[in-house]
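J.:
Numbering (the numbering used here), first residue to last: 1206 to 1947.
(1) Which of helix, strand or coil does DSSP assign to residue 1561?
(2) What does the Cβ neighbour count give for residue 1696, buried or exposed, with the cut at 16 atoms within 10 Å?
(3) Rounded to whole angstroms, what is the Cα-Cα separation between residue 1267 and residue 1227?
(4) Kindly indicate which residue of 1832, 1797, 1827, 1777 has the alpha-carbon position closest to the one of residue 1811.
(5) Could you tell me which residues DSSP pairs with residue 1668 in its beta bridges?
(6) Determine contact between the stretch 1532 to 1542 and the stretch 1406 to 1420, defined as no fewer than three beta-carbon pairs at a distance below 8 Å.
(7) Taking three-plus beta-carbon pairs below 8 Å as touching, is the stretch 1571 to 1581 in contact with the stretch 1770 to 1785?
(8) Ordered along the chain, which non-local residues of its own chain (more than five positions away) have a Cβ less than 6 Å from that of residue 1441?
(9) I'd like to know if the stretch 1550 to 1563 and the stretch 1513 to 1524 are in contact, where contact means that at least 3 CB-CB pairs between them fall below 8 Å.
(10) Using the DSSP secondary-structure output, state which residues sit across from residue 1507 in a beta bridge.
(11) Does the distance from the CB of residue 1799 to the CB of residue 1752 come in under 9 Å?
(12) Does the stretch 1806 to 1823 come close enough to the stretch 1777 to 1796 to have 3 or more Cβ pairs within less than 8 Å?
(13) Mind checking residue 1929: buried by the 16 CB within 10 Å criterion, or exposed?
(14) Compare the Cα-Cα distances from residue 1507 to each of 1499, 1498, 1501, 1525 and report the closest residue.
(15) Which value, in whole angstroms, describes the spacing of the CA atoms of residue 1462 and residue 1733?
(16) Helix, strand or coil for residue 1370? Go by DSSP, reduced to three states.
(17) With a cut-off of 8 Å on the beta carbons, I'd call residue 1418 and residue 1446 a contact; round off their distance for me.
(18) Could you pull the start and end residues of the alpha helix (DSSP H) that residue 1712 belongs to?
(19) By the 10 Å Cβ neighbour count, where 16 or more other Cβ atoms means buried, how is residue 1161 classified, buried or exposed?
(20) Is the beta carbon of residue 1235 less than 9 Å from the beta carbon of residue 1253?
(21) So within the stretch 1380 to 1466, which uninterrupted beta strand (DSSP E) runs reach at least 3 residues, ignoring any that extend past its ends?
(22) If distances are taken between C-alpha atoms only, which option among 1922, 1900, 1284, 1850 comes closest to residue 1891?
(23) Can you name the start and end residues of the alpha helix (DSSP H) that residue 1606 belongs to?
(24) Would the beta-carbon of residue 1660 fall within 9 Å of that of residue 1689?
(25) Please classify residue 1239: does DSSP put it in a helix, a strand, or coil?
(26) Would you report the Cα separation of residue 1365 and residue 1373, rounded to the nearest angstrom?
(27) Which residues bound the alpha helix (DSSP H) around residue 1699?
(28) Bridge partners of residue 1806, per DSSP?
(29) What residues in its chain sit with their C-beta under 8 Å from that of residue 1684, if we drop five residues either side in the sequence?
(30) Leaving out five residues before and five after residue 1818 in sequence, what residues of the same chain have Cβ atoms less than 6 Å from its Cβ?
(31) Does the stretch 1857 to 1864 come close enough to the stretch 1891 to 1905 to have 3 or more Cβ pairs within less than 8 Å?
(32) So, with DSSP's three-state summary, where would you put residue 1884?
(33) Give the straight-line distance between the Cα atoms of residue 1239 and residue 1587, rounded to the nearest whole angstrom.
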């Protein structure tokens, strides 16, 4: 008798353990298989984690596996090991990690292969022609046979049903189901392209990566200025891996970037390329996943979740724009795709490539001298744009001076003139503002009242098209007030600007401007990213207005102007990473201009023109920024020199959330004292969360900062345990180094 150790598909701490089931004779089940098992009075799906030949339980207590949901293992051995590691590393339920390994719709059998009925001849061509000679009066049947002689098979739905049944009854034609693959839009263009000539810097980079691949693996930081050809380095490294019989994964931070990367890789690798991301339909995702699982596609492109693609013999894994916080999951399991990528590359003896023009401080630090070998990244630099193209000329505009001169519009005089020149020359422009909507907040000029969301402690944003105020945290909408809800004044004013307002102003002020707007609001529909960006790429639109979705990675040859409408928007946020993120955004937006034969120009509008972040971003001097920012982090004891962890408690009553946080703080303090860890803690306190009300729930947090030399894993386990034991009526989430501190 064989026994299966199964984790049932229920996300609950009480069942986060293996259950033993017997495997009936003749049933093909092994580790990684998806099965259905009896669980109390119910039948549940689960994943086989391991197999064994003996069981210490009495036979009457061991129930049998009911069936295998699929006739192949859905979780490969390496991914099964990865899920077990994630269970321990990220303190999540094992089944939550395993769920990441397959498309969600495969659970509960909610998606299946798509089939169509086709008709084929069952006889030889000679026999079919003989039938035509003998049955000229059966015109419908003869026409079907004639068409099948020419086409070999035809959709049954396109043929006369009665005549088709008659031919099937005569054993001349068979009607069978045939699978039809659902192809994502980005893979439907069959155009192929050839390899461009590499620059000397690219050749050195490819050679170094290829040598590591053949030696058995390596970890690299590919730091290249915008337009230096990092993608071509990725492609050549992947090609080398494919020649060695290996596979590759390419991660991009935004779904908006997926179509462009897919088109590049599909043009070079054809049917070997597959795409995985959450905006695919259930059927497309399932079909692409199966192509990858069975080795029909060997190059996978996608956003964060594509890091779990079921490839075997992984040779290269690329994390493009590695600095982006979107690689970190904001829900359990709170995994970091960069960490997963590193582990998968090591498991296969493959190469990890982290690429960026603006690496995160913590990543760049790992490429500096003195780092321990197990953490070290090899630094490869591309310091020039391809074909020797110059970086764009950057102008910093002091918006205080514009205001003093009476210019109260969104656009400074220099940006307005630059936009006019750009459009008159038949070129294209990119305008970046990291706020969607029309106005950022609505306020009363008489009493200062700001319209806030009733369920969240944030101001509501005005959306002109819908004529509604919307909360960007919970989605609540309300009509804009005609009078102040507080004092009754009619002096209601709309402050700030978002993508809607910028787009409207461009169309109003600049003749011939054809605007496409890319933000969360315009890309909700399926394939919206591809369609909007294709309008811009084709020249149907000549001004692209957007949020951070357009700030990096996109390559449009005709773009000669990039405008940063409000550079200060992220600079003064209460987050230790605000300077880093502002530098990255400005540098990345600037990099969209002048990527082909025409020189680029960038206009950065700011109220703090002398701030070192603005000045260094204008010079695109990453190394100087890194030295200054890392020195600040070291002095202020911020990551990567320390670790930040917190438990966020949410409840309907603020007093309830506060009590839970203060009790957890006391318990955590006792733990630290008992374990002798107090000296490793820089700071610990229970305090209101920066956004104290979210989706109708009051929020308090236990905030902890500690040195990395301390037992971070032990503290994390204790904090997760405290979160799991939150009082009834209180929600608690544990986070370590969260991407968002609000």
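From the three backbone atoms N, C-alpha and C, an ideal C-beta is built for every residue, glycine too.
T.: Based on what the coordinates show:
(1) Residue 1561: strand per DSSP, three-state reduction.
(2) It is exposed - the Cβ of residue 1696 has fewer than 16 other Cβ atoms within 10 Å.
(3) Pairing residue 1267 with residue 1227, the inter-Cα distance amounts to about 6 Å.
(4) Comparing Cα-Cα distances from residue 1811 to each of 1832, 1797, 1827, 1777, the minimum goes to 1777.
(5) Looking at the DSSP assignment, residue 1668 forms a beta bridge with 1673.
(6) As far as the Cβ criterion goes, the stretch 1532 to 1542 does not touch the stretch 1406 to 1420, which means the pair count is below three.
(7) At 8 Å Cβ cutoff, the stretches do not touch.
(8) Taken in chain order, the residues that qualify are 1411.
(9) Contact between the stretch 1550 to 1563 and the stretch 1513 to 1524 is present, because at least three Cβ pairs lie under 8 Å.
(10) Note: residue 1507 sits in a beta bridge opposite 1456, 1481.
(11) The Cβ atoms of residue 1799 and residue 1752 do not sit closer than 9 Å to each other.
(12) At 8 Å Cβ cutoff, the stretches touch.
(13) When all chains shown are included, residue 1929 counts as exposed.
(14) Out of 1499, 1498, 1501, 1525, 1525 has the C-alpha closest to the C-alpha of residue 1507.
(15) About 12 Å.
(16) Helix.
(17) The C-beta separation of residue 1418 from residue 1446 comes to about 6 Å, placing the pair in contact by the 8 Å criterion.
(18) Looking at the DSSP string, the run of the alpha helix (DSSP H) that includes residue 1712 is 1704 to 1714.
(19) Nothing in the structure corresponds to residue 1161, since the chain is present only between 1206 and 1947.
(20) In contact: residue 1235 and residue 1253 (Cβ atoms closer than 9 Å).
(21) Those beta strand (DSSP E) runs which fall completely within the stretch 1380 to 1466 and span 3+ residues are 1423 to 1429, 1452 to 1456.
(22) Minimum Cα-Cα distance from residue 1891 among the listed residues 1922, 1900, 1284, 1850 corresponds to 1850.
(23) Where residue 1606 is concerned, the enclosing alpha helix (DSSP H) stretches over 1604 to 1609.
(24) No; because the gap between Cβ atoms is not below 9 Å, this pair is not in contact.
(25) Residue 1239 carries a strand assignment under DSSP once its states are collapsed to helix, strand and coil.
(26) Near 12 Å, if we compare the C-alpha coordinates of residue 1373 and residue 1365.
(27) Where residue 1699 is concerned, there is no enclosing alpha helix (DSSP H), although the beta strand (DSSP E) it sits in stretches over 1697 to 1700.
(28) For residue 1806, the pairing in a beta bridge is given by DSSP as 1598, 1766.
(29) These residues qualify, in order along the chain: 1672, 1673, 1674.
(30) Non-local beta-carbon contacts of residue 1818 in its own chain, meaning distances under 6 Å to residues more than five positions away in sequence, involve 1784, 1787, 1788 in chain order.
(31) The stretch 1857 to 1864 makes contact with the stretch 1891 to 1905, as at least three CB pairs between them are under 8 Å.
(32) Helix.
(33) In a straight line, the C-alpha of residue 1239 is about 46 Å away from that of residue 1587.
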